[in-house]
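Trainee:
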């Protein structure tokens, strides 16, 4: 239980269904400020209110060290390499459904339930399938793509069949303290803080030039790590160039510390025909052919695109070809495969290509 | 809370039914302000002064030496901060130990930030200091010695009488304060014989209401108040007195005083029984601190190889309340400074210790059931 409305309702629903529910709050990050204020402390108060209201015991556990080692270190390392990490994917894989799941099992739990918008369905043969949440706007399978069959076999997602609005309604009706609590946004450890400012505390920023593909200097950037492929906001270039179209980040040159910018949302350099990715895991243990077609998402809340996957089982890498050119493929983000409603698994994007040309994204 | 086994009486205690009765009565009929001249005010004043006499007698002090406070923490704060303020022209050196409660530790830290010098005596393996350590630490500018009477985490008793006697032999006055919050319920305290200048007590550790305590201040001292305002408590503690609470506190002290020798024996018996049962259940464990030189109601045990936080949850889900070394909220766990003091900074006992503490209503059958559940949980976690 995070102190948010989703996990609150999750606990309530399971309790109503007759499960023996134990609420657990995880503290993964310490953001105590000089006044002693800490987000976790405030959230924990909401856990207490909700758990007492629905009549379940609750406890808090600390995974700050695990989170730092497994998620935050990875997060920094990826930024250092000019990539855009996805800490939520890593947190699910290493913390929520590993460290925390293990902890829950050691307390004698049969399942771990979370407020994710996703579904699991269990076959007669014992296989658990990860399915998209019914609320397509909220579906969180993208972040759960790295879960293994072993992990999935021990999870429950009671909100998967619901719309967010229904979750809020249930919370209101049950008079839960979190019914109207604002959804958390952004990366959990950064919260509402300024992202640049946050990152600057951990990684030295190296300002450099913003250049066009032809090498024309258009301005200064604050450090390559602050920019993502396809980004428009915060470039501060206006009116210059060959048209009135806005400027976008279309590439990075790590060697020269240059941010490559180009004009127009549909800039040709933003479109890739295929990508390579690594660290693939699949949600079931079903044998995969080396080549198969399915749909894929390479960022959260994006519509699926048709792809053909060429899997290299030796090293868990793949070459993924798009049916149509895809815009702003971002190294470091997850590529996630679907077969209809089922999330098949995914990997981490390394490189994007336009035909035979490597797009200079990192 | 049927069948719930509460073994965390060092954290706080349930109120004695008689305490609840007198408080209910006081809440109903004695709503007056003890500072008021009129009749209903005088009723409250009467309750207040009768209580003060009972509290004073319980430690062999005089009534005018008792200052009502909001609890042990306020008593400790007042004793330490205001002694330092009062005597700062004489000296700025204070002596304490490394196993004090946070209510002593934190005020001392603040004094350090404000130019006072604090010598922190390290305890031995048992959790106690020796009088020799105090002698060696004493300086001409020492103004205060503050030492916990009996430790709240491991129960170890300190040589309070010896320290009091020794300080008396010095050429200059060194104020002696002791935090007796845990010890008050079972130990025979005689502030005059033991030469204690200030002593902190809390009501809720002895089946009284929460939010009340007292500070004994020897009438040979004149320590200013911490909470400023009205003239209550001889100007040493402003604020309208909590008369129903004070009535309950008085009753709790009366019950305690009448039963102390028996309670002491009962708790010691429970403690011994608990140790025997632990031995019989084949658990690998070690008692932290000392079994003999210890408060009878506290038993701190290092259960080897088992994470205490998980054990606590298992026991709680099985209906047994114990405590682990240190308080934890919102996932923040501070390693216990007491366990670190008697072991070492990274000793396994720090993560693997649970504390049983006994009190009103605890039976031998409770201990048997608790140890049985503990053994089951340990087996599950192994």
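Protein chains in written order, with my numbering: chain E, 1 to 362; chain B, 1001 to 1382. Ideal Cβ positions, reconstructed from N, Cα and C, are used throughout, including at glycine. All figures in this text were calculated on a predicted structure; none of them were measured in a lab.
Determine, using beta-carbon pairs with one atom in the region 1126-1141 of chain B and one in the region 1082-1097 of chain B, whether at least three such pairs fall under 8 Å.
Mentor: Enough Cβ pairs lie closer than 8 Å, so yes.
Trainee: Give a yes or no on whether 9 Å exceeds the smallest Cβ distance from residue 1314 (chain B) to chain E.
Mentor: Taking Cβ atoms only, chain E reaches closer than 9 Å to residue 1314 (chain B), which makes this a yes.
Trainee: Report the rounded CA-to-CA distance for residue 1355 (chain B) versus residue 291 (chain E), giving the unit in angstroms.
Mentor: Distance between the alpha carbons of residue 1355 (chain B) and residue 291 (chain E) is about 60 Å.
Trainee: So does the region 346-360 of chain E actually touch the region 264-283 of chain E, counting three or more Cβ pairs closer than 8 Å?
Mentor: The region 346-360 of chain E is in contact with the region 264-283 of chain E.
Trainee: Using only the alpha-carbon positions, how far apart do residue 1053 (chain B) and residue 1062 (chain B) sit?
Mentor: Taking the straight line from one Cα to the other gives about 7 Å.
Trainee: Quick check on residue 296 (chain E): does DSSP put it in helix, strand or coil?
Mentor: Reduced to three states, the DSSP call for residue 296 (chain E) is strand.
Trainee: Name the residues in the region 55-72 of chain E whose C-beta lies less than 9 Å from a C-beta of chain B; which are they?
Mentor: Flagged, chain order: 57, 59, 60, 61, 62, 63 and 64.
Trainee: If we require 4 or more residues per run, which alpha helix (DSSP H) segments fall completely within the region 15-67 of chain E?
Mentor: Fully enclosed alpha helix (DSSP H) runs of 4 or longer: 39-54 and 64-67.
Trainee: Rounded C-beta distance between residue 30 (chain E) and residue 64 (chain E)? I'm assuming under 8 Å.
Mentor: Right, the Cβ-Cβ distance comes to about 6 Å (below 8 Å), so this counts as a contact.
Trainee: Buried or exposed: which applies to residue 180 (chain E), given that a residue is buried once 16 or more other Cβ atoms fall within 10 Å of its Cβ?
Mentor: Exposed: under 16 other Cβ atoms inside 10 Å.
Trainee: Just reading off the beta strand (DSSP E) that residue 258 (chain E) is part of, what are its end residues?
Mentor: 258-263 is the span of the beta strand (DSSP E), which, as asked, contains residue 258 (chain E).
Trainee: Can you pull the chain E neighbours of residue 1109 (chain B), defined as C-beta to C-beta under 9 Å?
Mentor: Those within 9 Å of residue 1109 (chain B) in chain E number zero; the least Cβ separation is about 15 Å.
Trainee: Following the continuous beta strand (DSSP E) through residue 1312 (chain B), name the residue where it begins and the one where it ends.
Mentor: Careful: residue 1312 (chain B) lies outside any beta strand (DSSP E), inside the alpha helix (DSSP H) at 1308-1317.
Trainee: Smallest Cα separation from residue 311 (chain E): which of E:345, E:326 and E:297?
Mentor: Looking at the Cα atoms, E:345 is the closest of the given residues.
Trainee: Which residues of chain E have a Cβ atom closer than 8 Å to the Cβ of residue 1317 (chain B), listed in chain order?
Mentor: Ordered by position in chain E, the residues that pass the 8 Å Cβ test against residue 1317 (chain B) are 22, 57, 107 and 108.
Trainee: Would you say residue 1381 (chain B) lies against chain E (beta-carbon separation less than 9 Å)?
Mentor: Closer than 9 Å to some Cβ of chain E, the Cβ of residue 1381 (chain B) qualifies, so yes.
Trainee: Hey, how far is the Cα of residue 1272 (chain B) from the Cα of residue 1262 (chain B)?
Mentor: Between residue 1272 (chain B) and residue 1262 (chain B), the C-alpha separation is close to 15 Å.
Trainee: Measuring alpha carbon to alpha carbon, tell me which residue in E:328, E:319 and E:315 is nearest residue 266 (chain E).
Mentor: The candidate whose alpha carbon is nearest that of residue 266 (chain E) is E:328.
Trainee: Would DSSP call residue 1064 (chain B) helix, strand or coil?
Mentor: In this structure, residue 1064 (chain B) counts as helix in the three-state DSSP scheme.
Trainee: Quick check: residue 171 (chain E) and residue 2 (chain E), are their CB atoms within less than 9 Å of each other?
Mentor: Going by C-beta atoms, residue 171 (chain E) is not nearer than 9 Å to residue 2 (chain E).
Trainee: Among residues of its own chain, excluding the 5 on either side of residue 1180 (chain B), which ones have a beta-carbon nearer than 7 Å to its beta-carbon?
Mentor: Closer than 7 Å at Cβ, skipping near neighbours: 1149, 1189, 1199, 1200 and 1201.
Trainee: Can you check which of these residues, E:132, E:54, E:317 and E:53, is closest to residue 303 (chain E) by C-alpha distance?
Mentor: Checked all of E:132, E:54, E:317 and E:53; the closest Cα to residue 303 (chain E) is E:132.
Trainee: Going by beta-carbon coordinates alone, are residue 1357 (chain B) and residue 1021 (chain B) separated by less than 9 Å?
Mentor: For residue 1357 (chain B) and residue 1021 (chain B), no; Cβs fall outside 9 Å.
Trainee: On the DSSP letters alone, give me the boundaries of the beta strand (DSSP E) that residue 221 (chain E) sits inside.
Mentor: First-last of the beta strand (DSSP E) with residue 221 (chain E): 217-221.
Trainee: Taking 9 Å as the CB-CB limit, is residue 103 (chain E) close to chain B?
Mentor: By this cut-off, residue 103 (chain E) is an interface position.
Trainee: Is the beta carbon of residue 118 (chain E) closer than 9 Å to that of residue 150 (chain E)?
Mentor: It is not a contact, given that the beta carbons lie outside the stated cut-off.
Trainee: Mind listing the chain E neighbours of residue 1373 (chain B)? Cutoff is C-beta to C-beta under 9 Å, in chain order.
Mentor: Here the premise fails: no neighbours, minimum Cβ distance about 12 Å.
Trainee: Quick check on DSSP: helix, strand or coil for residue 1196 (chain B)?
Mentor: Residue 1196 (chain B) falls in the coil class under three-state DSSP.
Trainee: Within the region 169-230 of chain E, note down every full beta strand (DSSP E) run reaching 3 residues or more, in order along the chain.
Mentor: Qualifying beta strand (DSSP E) stretches, in chain order: 208-211 and 217-221.
Trainee: So, is the C-beta of residue 1310 (chain B) closer than 9 Å to a C-beta in chain E?
Mentor: Cβ-Cβ to chain E under 9 Å: yes for residue 1310 (chain B).
Trainee: For residue 1170 (chain B), count the other beta carbons within 10 Å of its own beta carbon; 16 or more makes it buried, fewer makes it exposed. Which is it?
Mentor: Label assigned to residue 1170 (chain B): exposed.
Trainee: Would residue 103 (chain E) and residue 1310 (chain B) qualify as a contact pair, given that the criterion is a beta-carbon distance under 9 Å?
Mentor: Closer than 9 Å, so yes.
Trainee: For residue 195 (chain E), does the count of other Cβ atoms within 10 angstroms reach 16, so buried, or fall short, so exposed?
Mentor: By the 10 Å Cβ count, residue 195 (chain E) comes out exposed.
Trainee: Candidates E:120, E:146 and E:264: which alpha carbon is nearest residue 158 (chain E)'s?
Mentor: Checked all of E:120, E:146 and E:264; the closest Cα to residue 158 (chain E) is E:120.
Trainee: Which first and last residues belong to the alpha helix (DSSP H) in which residue 1073 (chain B) is found?
Mentor: Here the alpha helix (DSSP H) through residue 1073 (chain B) covers 1072-1087.
Trainee: Quick check: residue 1210 (chain B) and residue 1071 (chain B), are their CB atoms within less than 9 Å of each other?
Mentor: A contact, by the Cβ cut-off of 9 Å.
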